[in-house]
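The numbering used here puts the first residue of the sequence shown at 373, with every later residue one more than the last.
What follows is a set of notes on a single structure, which appears directly below.
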Amino acid sequence: MNSARSARRSGRVGGYAQDLVVQGRDWSFDPGAITAPVLILHGEADTLVPLAHPRHTAEMIKTARLLTRPEQGHISLLLELPGLAAELVAPLR
373 MNSARSARRS GRVGGYAQDL VVQGRDWSFD PGAITAPVLI LHGEADTLVP
423 LAHPRHTAEM IKTARLLTRP EQGHISLLLE LPGLAAELVA PLR
């Protein structure tokens, strides 16, 4: 129990807890009403947020595309951002 309290105090479980709350209750808006393109990026090696969460979000947003990276985890996924940003802006040039 002490380690759980320590984790909460240190902020280590805040993001995970927020994901659980968001995925477990109604949102304050209709995600199906989103018309802008949405890219959801998730690392399949993520041990904090299950792949079911981004899949669920992608199912709720008609314009969403889920892109997973098998070799990336929760934080290591950030390594993908520079390449992803270049990919996203390429069609705009």
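Here a beta-carbon is modelled for each residue, glycine too, at the ideal position from N, C-alpha and C.
When the beta-carbon positions are compared, Pro454 and Glu416 stay at least 8 Å from each other. Annotated as distal: Asp398 and Val421, with beta-carbon spacing of 8 Å or more.
In the structure shown, Arg427 adopts helical secondary structure according to DSSP, grouped into three states.
Segment contact: the region 396-414 against the region 428-435, three or more CB-CB distances shorter than 8 Å; contact assigned. For Leu439, the uninterrupted beta strand (DSSP E) run begins and ends at Ala436 to Arg441, by DSSP. Going by beta carbons, Gly396 and Thr419 fall outside the 8 Å limit. For Leu453, the three-state secondary structure derived from DSSP is helix.
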